[in-house]
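Trainee: Take this structure, written in structure tokens, and hold onto it; I'll ask about it next.
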Amino acid sequence: MRQGVEIGMNGDILFDVRNNVGYITLNRPAKLNALSYPVIKILYEKLLEWKKDDNVALLVIRGAGEKAFCAGGDVRHLYDKRNEDVVEYGFGFFYTEYCMNLTMHTYPKPILAYMNGIVMGGGVGVGVAATHRIVTEKTKWSMPEMNIGLYPDVGGSYFLNKMPTYMGRYLALTSCIIRGADVLYTEGADYYMESSKWDDLIYEIENGKWEIDSAKDTLDNILESLLKNKPEGCELEKIEDKIKRHFDFESMEEIVESLKSDSDKWAKATLENILSKSPTSLKVTLKQLVDGSKKNLSECFEMELDMSMNFLTCHDFFEGVRSVLVDKDRNPTWNPSSLEEIDKDYVDKFFSYEWENNKNPLKDFLSRQLV
């Protein structure tokens, strides 16, 4: 069966159904396939549509071009609205994105995500939610929110805590970029494939027999027959003991002191990296991960929606976006400017938000989806 290519948002996202497979292409290569609010809405709506469509047994999502799967959410629009309706617009952006993420995490059909090239922030949120996650030799994976005075959202509270030892904390607080082998090691992906094999994989998928009841097993068999090579060059494995030693703390002050006490070159570089970030983002993110380790998937997204709403009125978020995406001087002025200036009460305020009727809009989201 072929329905023809469906074009959304002036071609920013493409949908196609062939042989009971739904193909999704993030199609903004000039913007590294970043997720705009309209694209997020259209993708979410299509996920809900295909969820009930008996002619779609498998979903395949990829980014257009060779440079990126998806560079994340297009937060520049939030900056542009900072003096207008940023809270209302920002709520729509984050709420819809998190609904999309939650829907993908709990999707009843297999989703293959081809995370080739740049995979960052909101792109990680899309990729990590798939059932079959492929990385390549070109993968550059990062949760870079700390660079813009934000925090690792899109479910970071959940999936970063699933990584071995304290790798999730390390990746969140440093925003460092890792490669395909490292993503596989953190369990943020399931398969490694040389990008040159993509056409072979698509050929097998396009010529497969796809039925809803057996789609997962069929995809498992195809991937296991094609992807037998194990990647080399995992850098995180080499520093795992160091990460465990320095990030096994529940306060930023302790992490900083631990790194300061180590004369190792890596520790010094990591310390310098961390101290360049927003002190507010550092403290809020560490609490996010500590608290998130005790929450389920749905509870993590509820917490993140509270947090995101509070960041919409936070100086450091807009200053971070300005320094990275607007003026691009990479010279932010954080306020407060030091960890010592930030007390527990200030941090705690990011984790509660005054909703209408005192109910977080994501409360019971998953149970409502079953109705």
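Position 308 (the sequence shown) corresponds to 307 in numbering that gives the first Met the number 0; numbering is contiguous. Think of the CB as a built atom: it goes at the ideal place given N, C-alpha and C, for glycine as much as any other residue.
How should Asp328 be labelled, buried or exposed, when 16 other C-beta atoms within 10 angstroms of its C-beta is the threshold for buried?
Mentor: exposed
Trainee: Return the first residue and the last residue of the alpha helix (DSSP H) that Val123 is part of.
Mentor: Element bounds for Val123: Gly121 to Val127.
Trainee: Are the region 70-82 and the region 44-55 in contact at 8 Å, needing three or more beta carbon pairs?
Mentor: no
Trainee: Report the rounded CA-to-CA distance for His131 versus Gly21, giving the unit in angstroms.
Mentor: 15 Å
Trainee: Using a 10 Å radius around the Cβ and a threshold of 16 neighbouring Cβ atoms, would you call Arg1 buried or exposed?
Mentor: Because Arg1 carries a pLDDT of 47, less than 50, the predicted location of this residue cannot be relied on, and the following value inherits that uncertainty. Per the 10 Å Cβ criterion, exposed.
Trainee: Per the DSSP calculation, Tyr14 is bridged to which residue(s)?
Mentor: In the sequence as presented, Tyr is not what sits at residue 14; that position holds Phe. Its beta-bridge partners are Glu5 and Ile23.
Trainee: On the DSSP bridge assignment, give the partners of Cys69 in chain order.
Mentor: Val118
Trainee: Please name the residue, chosen from Phe90, Lys276 and Leu31, that lies closest to Tyr352 on a Cα-to-Cα basis.
Mentor: Closest option to Tyr352, Cα to Cα, is Phe90.
Trainee: Would you identify the three-state DSSP class for Trp140, choosing helix, strand or coil?
Mentor: strand
Trainee: DSSP state of Gly187, grouped into three classes?
Mentor: coil
Trainee: Let me know if Gly120 comes out buried or exposed under the rule of 16 or more other beta-carbons within 10 Å of its beta-carbon.
Mentor: When all chains shown are included, Gly120 counts as buried.
Trainee: To which residues of the same chain is Leu235 closer than 7 Å at the C-beta, ignoring the five residues directly before and after it?
Mentor: Met166, Ile177, Asp181, Tyr184 and Thr185
Trainee: So, at 8 Å on beta carbons, what are the nonlocal neighbours of Val370 in its own chain, with the 5 sequence-adjacent residues on each side left out?
Mentor: Here the model assigns Val370 a pLDDT of 47, short of 50, so the residue's position is not dependable, and the following value carries that caveat. Excluding positions up to five away in sequence, the list is empty.
Trainee: Would you kindly work out how many angstroms separate the C-alpha atoms of Glu239 and Asp263, rounded to a whole number?
Mentor: 14 Å
Trainee: Per the DSSP calculation, Gly62 is bridged to which residue(s)?
Mentor: Paired residues: Leu25.
Trainee: Three or more beta-carbon pairs under 8 Å between the region 252-270 and the region 304-323, yes or no?
Mentor: no
Trainee: In the DSSP assignment, the alpha helix (DSSP H) including Val38 goes from what residue to what residue?
Mentor: Tyr36 to Lys50
Trainee: Exposed or buried, which one is Ile147 when buried takes at least 16 other CB atoms within 10 Å?
Mentor: buried
Trainee: Rounding to the nearest angstrom, what Cα-Cα distance links Asn373 and Glu210 in this structure?
Mentor: Residue 373 lies beyond the stretch modelled for the chain, which goes from 0 to 370, so this question has no answer here.
Trainee: When you compare only the Cα positions, how much space is there between Pro331 and Val55?
Mentor: 47 Å
Trainee: Would you identify the three-state DSSP class for Leu149, choosing helix, strand or coil?
Mentor: coil
Trainee: Taking the straight line between their C-alpha atoms, what separation do you get for Tyr106 and Asn100?
Mentor: Whole-angstrom Cα-Cα distance: 10 Å.
Trainee: Just verifying my parser: in three-state terms, what is the DSSP assignment at Ala33?
Mentor: DSSP places Ala33 in the coil class of the three-state scheme, outside both helix and strand.
Trainee: Helix, strand or coil for Val370 per DSSP?
Mentor: In this predicted model, Val370 has a pLDDT of only 47, less than 50, meaning its place in the structure is not dependable; the value taken from the coordinates is given anyway. In this structure, Val370 counts as coil in the three-state DSSP scheme.
Trainee: CB Tyr97 to CB Phe300, shorter than 8 Å?
Mentor: yes
Trainee: Just verifying my parser: in three-state terms, what is the DSSP assignment at Ala180?
Mentor: Correct three-state label for Ala180: helix.
Trainee: Around the Cβ of Thr279, are there at least 16 other Cβ atoms within 10 angstroms (buried) or fewer (exposed)?
Mentor: buried
Trainee: Starting from Val323, trace the beta strand (DSSP E) in both directions and tell me its first and last residue.
Mentor: Per DSSP, Val323 belongs to no beta strand (DSSP E) and is neither H nor E.
Trainee: Assuming Val134 is part of the beta strand (DSSP E), what are its boundary residues?
Mentor: His131 to Val134
Trainee: Whole angstroms is fine: what's the gap from Met192's alpha carbon to Pro230's?
Mentor: 8 Å
Trainee: Taking DSSP's pairing of strands, which residues face Tyr113 in a bridge?
Mentor: Ile133
Trainee: Within a Cβ cutoff of 8 Å, which residues of the same chain sit near Leu281, ignoring the five residues on either side of it in sequence?
Mentor: Met145, Leu172, Met251, Ile273 and Leu338
Trainee: When DSSP labels each residue in this structure, what does Met0 get in the three-state scheme?
Mentor: Unreliable positioning characterises Met0 in this predicted model, as indicated by a pLDDT of 43, which lies under 50. The coordinate reading is nonetheless provided below. In this structure, Met0 counts as coil in the three-state DSSP scheme.
Trainee: Within its chain, find whatever has a CB closer than 6 Å to the CB of Met308; leave out the 5 residues flanking it on each side and keep chain order.
Mentor: Tyr352
Trainee: For Val125, tell me which candidate among Glu136, Ile201 and Ala112 has the shortest Cα-Cα distance.
Mentor: Ala112
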